[in-house]
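Here the structure is laid out as structure tokens; the discussion comes afterwards.
There are 2 protein chains.
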Amino acid sequence: MGLAGIKDVADRAGLSIATVSRALSGKANVSAKSRQLAKAAADELGFVPSYHASSLASGRNHNVGLVVPSIHRWYFSSVVEGVSGTLLDAGYDLTLYNVGDRPERRHSVLNDFLLRKRLDAVIAVALVLSETEINQLLAIHRPIVGIGGALAGASTIRIDDARLARTATEHLLGLGHTRIAHITGEAELNQDFKLPGIRRAGFEAAMQAAGRAIRPEWVVSADFTIQGAYASARHLLASAAGRPTAVFAASDEMAIGAILAARDFGLRVPQDLSVIGMDGHELGEVFGLTTINQDARGQGALAARMLLETLDAGAKRPDKGTPPSAAATDREYPTEFLVRNSTAVPST
Amino acid sequence: MGLAGIKDVADRAGLSIATVSRALSGKANVSAKSRQLAKAAADELGFVPSYHASSLASGRNHNVGLVVPSIHRWYFSSVVEGVSGTLLDAGYDLTLYNVGDRPERRHSVLNDFLLRKRLDAVIAVALVLSETEINQLLAIHRPIVGIGGALAGASTIRIDDARLARTATEHLLGLGHTRIAHITGEAELNQDFKLPGIRRAGFEAAMQAAGRAIRPEWVVSADFTIQGAYASARHLLASAAGRPTAVFAASDEMAIGAILAARDFGLRVPQDLSVIGMDGHELGEVFGLTTINQDARGQGALAARMLLETLDAGAKRPDKGTPPSAAATDREYPTEFLVRNSTAVPST
DNA sequence: ATACCTACTGGAAGCGTTTCCATTTCATGA
DNA sequence: TCATGAAATGGAAACGCTTCCAGTAGGTAT
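Protein chains in written order, with UniProt numbering: chain F, 1 to 348; chain R, 1 to 348.
Written out as structure tokens, the structure reads:
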């Protein structure tokens, strides 16, 4: 089988190449009869248009790049699922760039891949791109959407991490807690991904506003995983003497780690220790975790939809036209405060 | 900036297009001087070759497709990380097809995407492709590697699930357990992904070989998540009367769900209930989970390396040559029995 | 019947590379 | 000095589509 080309289809259908192309891609100015003829011939030959030839000729790729710092953690895999589903349904390919913890990869991804005119658009998750980098992308007319990270000049979907962290802390304060600890992200995670610092700032703001001291030894850090936070929380909770009565963890995974550590010490949650998280991890339900639910998957889906919209709008020859979405929108994604039973009034 | 093309580079360097192309792609038969000239000119102009034009002309895509049924579960995200890292380092793109639980997507992915000549190779994770589907891919000279699923005719990386499940069960039997329960995967997961059934068969084989009865009510199913297994295990452990003394879960995530459920009932692990899992989930350490460690990430990396190798071997114009890797290898990936402290001699 | 407009159609020019092939250059040994 | 082959070079033909543009048919109004 010599992989039928459009020429073969045209011959078989008794039409010209041009007409077949129009017919198969659903363009106007094709008679119903021709269209049907073309489709039938294409089916019979099992014709599938060559992606590269079509992209080269039309300038459209039907391919969106997704840049993530990791794929293992709940937040990222949720976003990927959301993006992936939406894109697949729209007939778009998803090219995944998992830049991981290696910064040199990040550079090569931006240069060697993203700029290679092979992507129609880019979704960057929790990645802080420099203005130069953003401009580079915009210069070649590639719309960008950032999720969970501030992208100057590009459209963004995010939640107000500072405010929500503050809300979470205030929930604990409101219950009467004064001895509140915080589990934040590790320093290196703060590099491309300022989130831990922002949530921590929210925590500190709430504490200060309430006139509560922040004990440095009660601010510990972990790597955003359950097991990492478990280890950190064990240190935090080790000595009965200087033990907090509540913990605000910067993610649900870390909150769960704290709950597990607490259980190991025979501490009951919430009677002996209140724990509040942030994210909306599915596993939170098992632990009755009080948290602020953000629909990461939904955020991914929304980002994809936004991109598809601007792509459809700017249709034909994106290289040429004016930059799509001159207006960079900054949407705040809705969240939900989910009170379950990992937080309560302190027993003392 | 009009996005410099190779023509511009050639003009600037005072060379022909052909020589520039050879120089930049590191081909032979280019003088050192010309090569340097070309590189300098390319740098100055910020030239990046057009992916589509280059693929169209050369027939090589530098793009590997990865088909997964999900991205959220530990096993899959681990594999994706492994594949992703290896591919990125080799300068390949990764196109992710998350077919999810919707079978219609699977079909469209195979037809509309994979066959569109845009992929050099395909890695299918835990997906059972029909022989027709495999032949379709092989017919257009696209090497396939399957991970964790049997792909007749294609290369495969897998672990011997049946034997390992048997080993896990034998570990419990060897400790003296007779009342052994099994948490398997749900029926619908068994469709494209026979794994739950295979592990279950291993369990049954071990039990039968030991002359132990399998109590149907002690074989429960869950969706491979912690929370799902937690719910199932609660049912399993609810009545003190007919309670097993050991549980073999078909995945670490489900084993952890069982441990959490046991704790809720005040059962101590391993004194009151032994739990063994399978996979090597990072979280297993926190729970002291005895398991069989399979390096999912390593499997992904290996699959990518295998593919890259055959691609490099078959170099130039893969469309034309003989099918790469006529020899479909079926490798068994090494595993490690990890005895921690979630299993012990039954206390009765 | 003629003019005119519209809906279709097909030829052919790109899209931006890679690579074949013929040609030129250059070093080497006789 | 000249033949000889290897190394380097450039022209031009693909690669397989999309789309512009000119042209053809077929219908309507005059």
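Ideal placement from N, C-alpha and C gives every residue a C-beta, glycine not left out. Owing to the predicted nature of the structure, the values given are computational and were not obtained by experimental measurement.
Local conformation of residue i per DSSP, three classes
{"i": "residue 341 of chain R", "result": "coil"}
{"i": "residue 151 of chain F", "result": "coil"}
{"i": "residue 353 of chain F", "result": "Because residue 353 of chain F is not part of the residues shown, which for chain F are 1 to 348, the question remains open."}
{"i": "residue 219 of chain F", "result": "strand"}
{"i": "residue 106 of chain F", "result": "helix"}
{"i": "residue 92 of chain F", "result": "coil"}
{"i": "residue 227 of chain F", "result": "helix"}
{"i": "residue 321 of chain F", "result": "Bear in mind that the predicted position of residue 321 of chain F carries a pLDDT of just 43, short of 50, making it too unreliable to give a figure here."}
{"i": "residue 84 of chain F", "result": "helix"}
{"i": "residue 168 of chain R", "result": "helix"}
{"i": "residue 299 of chain R", "result": "helix"}
{"i": "residue 121 of chain F", "result": "strand"}
{"i": "residue 47 of chain R", "result": "coil"}
{"i": "residue 126 of chain R", "result": "coil"}
{"i": "residue 331 of chain F", "result": "strand"}
{"i": "residue 273 of chain F", "result": "coil"}
{"i": "residue 252 of chain R", "result": "helix"}
{"i": "residue 246 of chain R", "result": "strand"}
Candidates the options, of which the one nearest residue i by Cα
{"i": "residue 252 of chain R", "options": "R/342, R/104, R/153", "result": "R/342"}
{"i": "residue 44 of chain F", "options": "F/182, F/3, F/347", "result": "F/3"}
{"i": "residue 129 of chain R", "options": "R/141, R/27, R/139, R/107", "result": "R/107"}
{"i": "residue 14 of chain F", "options": "F/28, F/25, F/39", "result": "F/39"}
{"i": "residue 48 of chain R", "options": "R/124, R/5, R/55, R/309", "result": "R/5"}
{"i": "residue 291 of chain R", "options": "R/109, R/250, R/218", "result": "R/250"}
{"i": "residue 79 of chain F", "options": "F/334, F/174, F/299, F/124", "result": "F/299"}
{"i": "residue 311 of chain F", "options": "F/145, F/340, F/26", "result": "F/145"}
{"i": "residue 183 of chain F", "options": "F/333, F/275, F/8", "result": "F/275"}
{"i": "residue 287 of chain R", "options": "F/230, F/313, F/26, F/33", "result": "F/230"}
{"i": "residue 12 of chain R", "options": "R/42, R/27, R/23, R/25", "result": "R/42"}
{"i": "residue 178 of chain R", "options": "R/159, R/209, R/196", "result": "R/209"}
{"i": "residue 306 of chain R", "options": "R/29, R/289, R/344, R/330", "result": "R/330"}
{"i": "residue 269 of chain R", "options": "F/264, F/269, F/212, F/54", "result": "F/264"}
{"i": "residue 217 of chain F", "options": "F/104, F/225, F/239", "result": "F/239"}
{"i": "residue 297 of chain R", "options": "R/147, R/29, R/65, R/57", "result": "R/147"}
{"i": "residue 333 of chain F", "options": "F/176, F/258, F/160, F/181", "result": "F/160"}
C-alpha gap between residue i and residue j, whole angstroms
{"i": "residue 321 of chain F", "j": "residue 136 of chain F", "result": "For residue 321 of chain F, the pLDDT reaches just 43, beneath the cut-off of 50, and the residue's location in the model is therefore unreliable, although a value from the coordinates is still provided. Residue 321 of chain F and residue 136 of chain F: Cα-Cα distance of roughly 16 Å."}
{"i": "residue 121 of chain F", "j": "residue 132 of chain R", "result": "34 Å"}
{"i": "residue 199 of chain R", "j": "residue 277 of chain R", "result": "11 Å"}
{"i": "residue 293 of chain F", "j": "residue 117 of chain F", "result": "37 Å"}
{"i": "residue 328 of chain R", "j": "residue 154 of chain R", "result": "5 Å"}
{"i": "residue 102 of chain R", "j": "residue 71 of chain R", "result": "14 Å"}
{"i": "residue 17 of chain R", "j": "residue 50 of chain R", "result": "14 Å"}
{"i": "residue 157 of chain R", "j": "residue 88 of chain R", "result": "20 Å"}
{"i": "residue 254 of chain F", "j": "residue 143 of chain F", "result": "34 Å"}
{"i": "residue 63 of chain R", "j": "residue 93 of chain R", "result": "5 Å"}
{"i": "residue 338 of chain F", "j": "residue 279 of chain F", "result": "10 Å"}
{"i": "residue 241 of chain F", "j": "residue 222 of chain F", "result": "23 Å"}
{"i": "residue 227 of chain F", "j": "residue 73 of chain F", "result": "12 Å"}
{"i": "residue 346 of chain R", "j": "residue 295 of chain R", "result": "30 Å"}
{"i": "residue 21 of chain R", "j": "residue 37 of chain R", "result": "12 Å"}
{"i": "residue 138 of chain R", "j": "residue 303 of chain F", "result": "35 Å"}
{"i": "residue 168 of chain F", "j": "residue 219 of chain F", "result": "15 Å"}
{"i": "residue 201 of chain R", "j": "residue 308 of chain F", "result": "46 Å"}
{"i": "residue 173 of chain F", "j": "residue 162 of chain R", "result": "53 Å"}
{"i": "residue 76 of chain F", "j": "residue 195 of chain F", "result": "13 Å"}
{"i": "residue 203 of chain F", "j": "residue 165 of chain F", "result": "6 Å"}
{"i": "residue 90 of chain R", "j": "residue 125 of chain R", "result": "21 Å"}
{"i": "residue 246 of chain F", "j": "residue 211 of chain F", "result": "16 Å"}
Proximal residues of chain R, C-beta to C-beta of residue i below 8 Å
{"i": "residue 117 of chain F", "result": "3, 48, 50, 51, 52"}
Chain F residues whose Cβ lies nearer than 7 Å to that of residue i
{"i": "residue 226 of chain R", "result": "283, 286"}
{"i": "residue 96 of chain R", "result": "84, 94, 96"}
{"i": "residue 80 of chain R", "result": "71"}
{"i": "residue 260 of chain R", "result": "286"}
Contacts of residue i in chain F (Cβ-Cβ under 8 Å)
{"i": "residue 77 of chain R", "result": "71, 72, 77"}
Under 9 Å by beta carbon: chain R residues contacting residue i
{"i": "residue 100 of chain F", "result": "81, 84, 85, 88"}
Partner residues on chain R for residue i, Cβ-Cβ distance less than 7 Å
{"i": "residue 105 of chain F", "result": "88"}
Subject >> Cβ-based contacts, 8 Å cut-off: residues of the UniProt domain "HTH lacI-type" (4-58) of chain F near chain R >> reply: 48, 49, 50, 51, 52, 53, 55, 56
Subject >> Contacting positions in the segment 208-235 of chain F - beta carbon closer than 9 Å to chain R >> reply: Only those residues of the segment 208-235 of chain F whose C-beta falls short of 9 Å from the nearest C-beta of chain R are listed: 225, 226, 227, 230, 231.
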